[in-house]
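One structure is given here, and the rest of the page talks about it.
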Amino acid sequence: MKKIKHSEITPENIYKKRRSFVKKLGFGASALAVSSFPLISNASSKDRNELTSYKDITTYNNYYEFGTSKGDPHRNSKMFKTHPWNISIEGEVDKPIKLSMEEILDSFLSEERVYRLRCVEGWSMVIPWMGFSLSKLLSKVNPTSKAKFVAFESIYDPDQMKGQKYPVLNWPYKEGLRIDEAMHPLTTVVTGLYGKKLPNQNGAPLRIFIPWKYGFKSAKAIVKIKLVEKMPMSSWMWASPREYGFYSNVNPNVNHPRWSQATERIIGEGIWAPRVKTLMFNGYGDQVANLYTGMDLKKFF
Ligand code: MTE
Numbered sequence: 001m002k003k004i005k006h007s008e009i010t011p012e013n014i015y016k017k018r019r020s021f022v023k024k025l026g027f028g029a030s031a032l033a034v035s036s037f038p039l040i041s042n043a044s045s046k047d048r049n050e051l052t053s054y055k056d057i058t059t060y061n062n063y064y065e066f067g068t069s070k071g072d073p074h075r076n077s078k079m080f081k082t083h084p085w086n087i088s089i090e091g092e093v094d095k096p097i098k099l100s101m102e103e104i105l106d107s108f109l110s111e112e113r114v115y116r117l118r119c120v121e122g123w124s125m126v127i128p129w130m131g132f133s134l135s136k137l138l139s140k141v142n143p144t145s146k147a148k149f150v151a152f153e154s155i156y157d158p159d160q161m162k163g164q165k166y167p168v169l170n171w172p173y174k175e176g177l178r179i180d181e182a183m184h185p186l187t188t189v190v191t192g193l194y195g196k197k198l199p200n201q202n203g204a205p206l207r208i209f210i211p212w213k214y215g216f217k218s219a220k221a222i223v224k225i226k227l228v229e230k231m232p233m234s235s236w237m238w239a240s241p242r243e244y245g246f247y248s249n250v251n252p253n254v255n256h257p258r259w260s261q262a263t264e265r266i267i268g269e270g271i272w273a274p275r276v277k278t279l280m281f282n283g284y285g286d287q288v289a290n291l292y293t294g295m296d297l298k299k300f301f
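Note that this note's numbering has the sequence shown beginning at 1, numbered continuously upward.
Structure follows, in structure tokens:
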């Protein structure tokens with residue numbers, strides 16, 4: 001029998017083994033998962049829902065604080081300090097709080113959530129995240145009736161994040177959601193992936209993830225969550241309001257001013273693989289379309 005070196009056992013191997021073991025026990029994949037995969041037609045050569053490899057998920061990143069090339073975050077975030085880490089939840093709330101990362105991990109059980117990340121640039125990955133619904137965290141602070149939006153702020157630390165020494169974006173990275181979007185069960189506080197701690201390049205120690213929106217809405221390394229009355233300005237709206245709207249729902253019918261959003265490239269399939277059709281709300285329409293009833297999604301892009 002071939003001996004496997006420890007270094008050859010990737011998180012992906014372990015993860016897939018665990019999955020098949022759970023399946024053998026007869027629980028089905030859902031024993032570990034709150035996978036909410038949409039039914040997808042127009043699959044490409046490979047199954048469109050196949051998990052992206054751990055390597056691709058952790059070496060092909062967008063994280064401008066660590067550089068603007070896809071390999072930069074992986075290379076430049078190795079020494080990033082994620083401990084100690086505190087997150088404050090404040091603004092239009094009855095009980096503002098500051099929680100340490102340990103308190104968050106102790107208070108909220110992270111579960112596996114397999115969601116597709118669709119980047120506004122036109123590629124996608126399927127990622128087995130670990131996390132829990134943001135609504136659970138927000139219920140700790142009792143939002144007031146004036147809390148109409150939620151603003152997220154990533155860490156500002158130019159000594160550790162060299163990208164912040166350049167005005168690529170209006171630092172710190174900021175994003176926002178309407179309160180009902182933030183309270184939707186699919187909106188996830190992410191603490192890990194592939195059953196492991198969240199790698200620095202993916203937003204450690206804590207990021208959000210909104211499956212039906214373009215990836216840039218999912219701010220990494222969050223230190224502040226503020227409930228506010230007025231629609232907050234995001235870093236991307238600030239950079240180019242014509243290109244990046246507040247909602248940024250995945251929508252194949254609304255093109256980016258500089259490119260089409262009708263199709264996407266599945267990371268890991270190779271650059272010659274056919275692109276696949278992008279789905280409205282990234283395929284999560286059954287669960288989220290009702291948030292936008294009566295809204296003109298071309299106007300509110
Ligand atoms: N969060 C911060 N703080 N800084 C960033 O540059 N990039 C966004 C988003 N969150 C970004 C960020 C973009 S454009 C995308 S597509 C996703 O993170 C990428 O997440 P991933 O690298 O884990 O795939």
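Ideal Cβ positions, reconstructed from N, Cα and C, are used throughout, including at glycine.
Buried or exposed by the 16-neighbour rule on C-beta atoms within 10 Å, applied to residue i
i, result
"M125", "buried"
"P241", "exposed"
"E103", "exposed"
"S100", "exposed"
"S30", "Below a pLDDT of 50, predicted positions are generally treated as unreliable, and S30, at 40, falls in that range; no measurement from the model is reported."
"T188", "buried"
"F246", "buried"
"T293", "exposed"
"Y166", "exposed"
"S107", "exposed"
"E181", "buried"
"K230", "exposed"
"H83", "exposed"
Own chain, CB closer than 7 angstroms to residue i, minus 5 neighbours either side, in chain order
i, result
"A151", "K174, G176, K226, V228, P232"
"Y282", "The sequence shown places Asn at residue 282, rather than the Tyr named in the question. Counting only Cβ-Cβ distances below 7 angstroms, and skipping sequence neighbours, we find R116, R118, P211, W212, V250."
"E264", "R118, G122, W123, S124, R275, V276, T278"
"K214", "In the sequence on display, residue 214 carries Tyr and not Lys. R118, C119, V120, S248, V250, listed in sequence order."
"K70", "Y60, N61"
"S133", "P185, T187, T188"
"T52", "M125, V126, I127, I267, G268"
"T58", "H74, P199, Q201, N202"
"F300", "G245, Y247"
"W236", "F216, Y244"
"K81", "Q160"
"L297", "N249, N251, V254"
"L105", "T191"
"S139", "none"
"P158", "Q164, K165"
Beta-carbon proximity list for residue i, same chain, < 6 angstroms, skipping 5 on both sides
i, result
"W238", "N170"
"S135", "M183"
"G67", "N76, G163"
"E65", "M161, G163, Q164"
"S234", "K174, E175, G176"
"S36", "Since pLDDT at S36 reaches only 49, below the 50 mark, its modelled position is unreliable, and the value read off the structure follows with that caveat. Taken in chain order, the list of residues that qualify is empty."
Integer Cβ distance of residue i from residue j, believed to fall under 8 angstroms
i, j, result
"K148", "I179", "6 angstroms"
"Q201", "P73", "4 angstroms"
"V254", "H184", "Wrong, their Cβ atoms sit about 21 angstroms apart, outside the cutoff."
"P172", "Y156", "4 angstroms"
"A204", "A219", "Between A219 and A204 the Cβ distance is about 13 angstroms, and since that is not below 8 angstroms, they are no contact."
"I266", "R48", "7 angstroms"
"Y63", "E12", "Not quite, the Cβ-Cβ distance comes to about 21 angstroms (not below 8 angstroms), so this is no contact."
"V223", "S154", "7 angstroms"
"P252", "M295", "Actually they do not touch by this definition, with Cβ atoms about 17 angstroms apart."
"K95", "V168", "Not really, about 36 angstroms apart at Cβ, beyond 8 angstroms."
Same chain, Cβ closer than 8 angstroms to residue i, neighbours up to 5 away in sequence not counted
i, result
"G192", "S110, W129, M130, G131, L198"
"M79", "Q160"
"N86", "K98, L99, S100, M101, V223"
"I271", "R265"
"L206", "W85, I87, M101, I104, V189, V190, T191, L198, A221, I222"
Touching by the beta-carbon criterion (3+ pairs, under 8 angstroms), the segment 256-276 and the segment 87-103: no
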